[in-house]
Amino acid sequence: MTEVFLDPTAELSAASKALLPRLATLEGKTIGLLDINKPRGDVLLDRLEQLFAAEGVSVRRYAKPTMTRVAPLETKQQIAMECDAVVEALAD
Amino acid sequence: MGVLSDKLEMGVWPTAFANDDLYWVIYTGAIVQFFPLRGAMTNTHANYIVVVKRDCPTCVLVEPVLAQLQATGCNLQVWSQDDPTFPETVTDVGDDSNLEQSWILKIETVPTVIRMEEGAESERTVGWDRSEWLRLFEQDELVAELPDFRPGCGSKSVEPGMPEKLALRFGDISLQSRQIVVGDMEDAMESCFERGWSDGLPVVPPTQLRVVRMLAGTNRDPAEVLGEVPPDLQPCTVEKVAINAVMAGCKPEYLPVVIAAVEACLIDAFCMHGLLATTWFSGPMVIVNGPIARAIGMNSGGNALGQGNRANATIGRALQLVIRNVGGGKPGGVDRATLGNPGKYTFCFAEDEESSCWESLAVQRGFKPEQSTVTLFAADGVQGIADQKSRDPESLCRSLAASLLTVGHQKFAVHSDVFIVLVPEHQRIFADAGWSKQKVIDTLMELTTRPGSELQPGVGGIAEGMPEFVKDMQLPKFKPGGLNIVRAGGTAGLFSAIIPGWLASGDFGSSPVSKEIVI
Chain G
0 MTEVFLDPTA
10 ELSAASKALL
20 PRLATLEGKT
30 IGLLDINKPR
40 GDVLLDRLEQ
50 LFAAEGVSVR
60 RYAKPTMTRV
70 APLETKQQIA
80 MECDAVVEAL
90 AD
Chain U
0 MGVLSDKLEM
10 GVWPTAFAND
20 DLYWVIYTGA
30 IVQFFPLRGA
40 MTNTHANYIV
50 VVKRDCPTCV
60 LVEPVLAQLQ
70 ATGCNLQVWS
80 QDDPTFPETV
90 TDVGDDSNLE
100 QSWILKIETV
110 PTVIRMEEGA
120 ESERTVGWDR
130 SEWLRLFEQD
140 ELVAELPDFR
150 PGCGSKSVEP
160 GMPEKLALRF
170 GDISLQSRQI
180 VVGDMEDAME
190 SCFERGWSDG
200 LPVVPPTQLR
210 VVRMLAGTNR
220 DPAEVLGEVP
230 PDLQPCTVEK
240 VAINAVMAGC
250 KPEYLPVVIA
260 AVEACLIDAF
270 CMHGLLATTW
280 FSGPMVIVNG
290 PIARAIGMNS
300 GGNALGQGNR
310 ANATIGRALQ
320 LVIRNVGGGK
330 PGGVDRATLG
340 NPGKYTFCFA
350 EDEESSCWES
360 LAVQRGFKPE
370 QSTVTLFAAD
380 GVQGIADQKS
390 RDPESLCRSL
400 AASLLTVGHQ
410 KFAVHSDVFI
420 VLVPEHQRIF
430 ADAGWSKQKV
440 IDTLMELTTR
450 PGSELQPGVG
460 GIAEGMPEFV
470 KDMQLPKFKP
480 GGLNIVRAGG
490 TAGLFSAIIP
500 GWLASGDFGS
510 SPVSKEIVI
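Going line by line, the protein sequences match chains G and U. Letter by letter, the first sequence follows residues 0 to 91 in numbering that gives the first Met the number 0. Letter by letter, the second sequence follows residues 0 to 518 in numbering that gives the first Met the number 0.
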């Protein structure tokens with residue numbers, strides 16, 4: 000059943016969960032490109048890699064073994080350690 | 000009705016209009032459900048209200064009495080708490096399985112008979128007492144074969160935990176805090192982590208019911224503002240303290256201690272903002288004195304500074320959660336600690352007053368022994384001091400003094416304040432010699448006073464040291480009042496504790512503060 004909590008904070012921020020801070024610049028950053036292993040995801044990610052490269056942004060490629068399950072923990076940890084941001088291609 | 004009652008459980012209060020004997024409940028703009036108006040089934044013209052439950056032998060016993068009263072024309076409204084078909088021989092029994100009537104009528108025992116006059120209660124009786132019933136109902140006899148007296152049973156409305164549930168559902172409790180709806184797919188505990196409410200350990204999800212139960216631990220108004228919590232200087236109500244106390248794992252009876260601790264940390268002399276922001280190790284340590292410490296089962300004995308006692312553990316944690324959640328003080332944010340210390344999760348204990356030969360910390364600070372207090376100190380971790388060989392106070396003082404000199408830095412003077420937690424076996428040495436606490440403090444102050452020349456930079460091949468202008472002074476290690484002693488700990492072990500404080504003490508930083516605990 001849906002639960003309701005009482006906010007323990009001073010309620011200065013939105014009630015919804017906060018997103019991670021966005022990158023202010025791509026300069027000097029490493030971007031992960033995650034292919035979820037669905038057809039034509041690579042088409043989008045290849046194009047993104049070209050565009051990032053043209054901006055001088057370094058890119059690392061990752062892939063999930065299957066689109067049907069969430070990414071393995073190792074993959075998530077690897078991306079978190081190696082990248083500043085990640086683009087996930089949902090594809091089709 | 001299910002859908003709406005779920006919404007009510009969720010605390011999403013729809014707009015409701017009373018019209019004759021129906022509620023028109025409007026929720027998000029659409030009429031979704033009709034509800035009977037509260038008490039619509041009540042026979043408002045009844046001269047008597049009787050509340051019963053089938054599970055009570057006395058209620059079963061008086062069934063023929065109620066039937067006889069009704070048969071003779073008595074204007075009677077019977078409410079049944081657990082079975083609307085009971086009593087079978089009485090007609091128009093009201094279904095009070097949601098206990099609303101029992102709550103409104105403040106029923107503690109069943110059966111309860113309430114006599115009404117002009118719509119208001121004039122008197123009531125509980126259980127079965129023939130003479131009382133005869134008098135109330137103005138009868139000469141009621142089912143003569145019954146015994147004269149049988150006590151009643153507890154009302155379902157006062158079963159453990161039930162009053163708060165009913166108050167939330169039917170009462171006029173108005174909590175001000177924003178309601179956070181947790182998604183069906185979310186794990187309650189994980190959701191608290193993800194919202195940044197946790198110190199790193201799991202917290203108890205702060206549901207409305209838990210917060211209402213927590214608030215029962217104090218007589219104070221949930222809306223009372225205790226002050227502004229740094230670093231964001233946000234107003235902190237009793238209700239916000241209660242929410243964080245729930246999350247910390249407190250029992251309701253700990254709440255007054257947590258409230259006092261929050262009030263104490265907001266006293267200007269404590270300098271909570273600076274204490275939070277410092278790169279130094281310190282965080283607020285809470286020492287509880289007075290009868291409440293024993294009443295709520297705090298540990299002042301073996302492992303008093305360690306884990307395992309719920310009150311010690313959760314009161315200190317609740318204070319830290321208030322600073323984190325209400326004040327917005329988080330590591331990496333305004334909390335700039337280089338290392339911090341484990342006491343920043345929680346650091347709270349009670350003084351062992353009953354076995355002590357000296358006045359307590361609270362009495363020393365001007366309170367009466369019967370008052371309960373918290374004293375807050377900007378504390379680092381625990382530095383152990385072993386002395387298993389001293390048998391006279393002079394030797395033990397020299398021993399303690401040698402260790403006290405290392406607080407902050409061996410060459411520092413008049414920087415940190417300090418608390419010594421003296422264990423029973425060490426205190427006994429002073430007690431046997433007839434030394435007062437003040438004599439011990441004076442001796443330690445004298446033994447830790449050194450010439451400024453010994454503390455200069457470069458002395459001993461160490462670059463750190465005191466400024467040159469103190470070179471010709473005699474410098475006490477601690478400022479007057481900066482050396483404090485409390486008693487705690489197990490009965491075995493000649494190992495006391497030195498708890499050093501923030502380098503910035505006194506007017507320059509933080510001074511210990513005390514606050515009386517008010518229920």
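Built from N, CA and C at the ideal position, the CB exists for glycine as well.
Which residue wins for smallest C-alpha separation from Glu227 of chain U, given the options U:Asp220, U:Leu304, U:Cys235?
U:Cys235
Whose CA, out of U:Thr108, U:Phe148, U:Gln426, lies closest to the CA of Gly488 of chain U?
U:Gln426
Pairing CB atoms from the segment 496-506 of chain U with CB atoms from the segment 375-393 of chain U, are three or more of them under 8 Å?
yes
Can you name, in chain order, every residue of its own chain whose Cβ lies under 7 Å from the Cβ of Ser12 of chain G, other than the five neighbours on each side?
none
Proximal residues to Ser197 of chain U (C-beta, below 7 Å), its chain only, five neighbours per side dropped
Cys191
Within chain G, the residues that Gln80 of chain U reaches when beta carbons sit closer than 7 Å
Going along chain G, no residue has its Cβ under 7 Å from Gln80 of chain U, so there is no contact; the nearest lies around 25 Å.
Assigned secondary structure, Leu200 of chain U (DSSP; H/G/I helix, E/B strand, else coil)
coil
For Thr155 of chain U, which of helix, strand or coil comes out of DSSP?
Note that residue 155 of chain U is Lys in the sequence shown, not Thr. DSSP places Lys155 of chain U in helix when its eight states are reduced to three.
Decide yes or no for the touch test of the segment 265-274 of chain U against the segment 348-359 of chain U: beta carbon pairs closer than 8 Å, at least 3 of them.
no
In terms of alpha-carbon separation, which member of U:Thr490, U:Gly459, U:Gly328, U:Pro450 lies closest to Met472 of chain U?
U:Pro450
Please confirm whether Thr8 of chain G and Asn243 of chain U have their CB atoms less than 7 Å apart.
no
How many whole angstroms separate the CB atoms of Gly216 of chain U and Pro255 of chain U, which I take to be in contact at a CB cut-off of 8 Å?
7 Å
Measure from the C-beta of Val3 of chain G to each C-beta in chain U and report whether the shortest distance is under 7 Å.
yes
Could you tell me whether the Cβ atoms of Val112 of chain U and Leu135 of chain U are closer together than 7 Å?
yes
Does DSSP put Ala312 of chain U in a helix, in a strand, or in coil?
helix
Should Pro162 of chain U go down as buried or exposed, given a rule of 16 or more other Cβ atoms within 10 Å for buried?
buried
Residue range of the beta strand (DSSP E) that Gln473 of chain U falls in?
473-475
Contact set for Gln514 of chain U: own chain, Cβ-Cβ below 6 Å, skip 5 residues either direction
The residue asked about is misnamed: residue 514 of chain U is Lys in this sequence, not Gln. Excluding positions up to five away in sequence, the list reads Ala259, Glu262, Ala263, Val373.
Consult DSSP for Gln270 of chain U and reduce its assignment to one of helix, strand or coil.
One detail in the question is off: residue 270 of chain U reads as Cys in this sequence, not Gln. The answer is coil: DSSP assigns Cys270 of chain U none of H, G, I, E or B.
Pull up the CB-CB distance for Val413 of chain U and Leu502 of chain U, whole angstroms please, since I reckon it's below 8 Å.
10 Å between Cβ atoms; not a contact.
Going by the beta-carbon positions, is the gap between Cys396 of chain U and Thr313 of chain U smaller than 7 Å?
no
Short CB-CB distance (under 7 Å) between Ala14 of chain G and chain U
yes
Over what stretch of residues does the beta strand (DSSP E) that includes Ala244 of chain U continue unbroken?
Looking at the DSSP string, Ala244 of chain U is not in any beta strand (DSSP E); the run it does join, the alpha helix (DSSP H), is 237-247.
Pull up the CB-CB distance for Val245 of chain U and Asp220 of chain U, whole angstroms please, since I reckon it's below 8 Å.
That belief does not hold up - the Cβ atoms of Val245 of chain U and Asp220 of chain U are roughly 18 Å apart, past 8 Å.
Around the Cβ of Ile461 of chain U, are there at least 16 other Cβ atoms within 10 angstroms (buried) or fewer (exposed)?
exposed
Just verifying my parser: in three-state terms, what is the DSSP assignment at Val69 of chain G?
coil
Can you pull the chain U neighbours of Ala9 of chain G, defined as C-beta to C-beta under 7 Å?
Asp231, Gln233, Val325, Gly327
What residues from the segment 178-193 of chain U come within 9 Å of chain G, judged by C-beta to C-beta, listed N to C?
Gln178, Ile179, Val180, Val181, Gly182, Asp183, Glu185, Ala187, Ser190, Cys191, Glu193
I believe Val3 of chain G touches Val180 of chain U by the beta-carbon criterion, under 8 Å. Please report the beta-carbon distance rounded to the nearest angstrom.
6 Å
Let me know the beta strand (DSSP E) ranges lying completely inside the segment 34-90 of chain U, each 3 residues or longer, listed in chain order.
47-51, 75-79
When the Cα of Asp441 of chain U is compared with those of U:Ala430, U:Ala294, U:Gly492, U:Ile484, which residue comes out closest?
U:Ile484
For a contact defined as C-beta to C-beta under 7 Å, what are the partners of Asp6 of chain G on chain U?
Ser176, Arg177, Ile179
What separation, rounded to the nearest whole angstrom, lies between the Cα atoms of Phe429 of chain U and Leu403 of chain U?
18 Å
Given this structure, state the Cα-to-Cα distance separating Cys73 of chain U from Asn46 of chain U, to the nearest angstrom.
8 Å
Using 8 Å for Cβ pairs, my map puts Leu454 of chain U next to Leu399 of chain U. What's the rounded Cβ distance?
Contact flag wrong, Cβ pair sits at about 20 Å.
Which value, in whole angstroms, describes the spacing of the CA atoms of Ala17 of chain G and Glu189 of chain U?
14 Å
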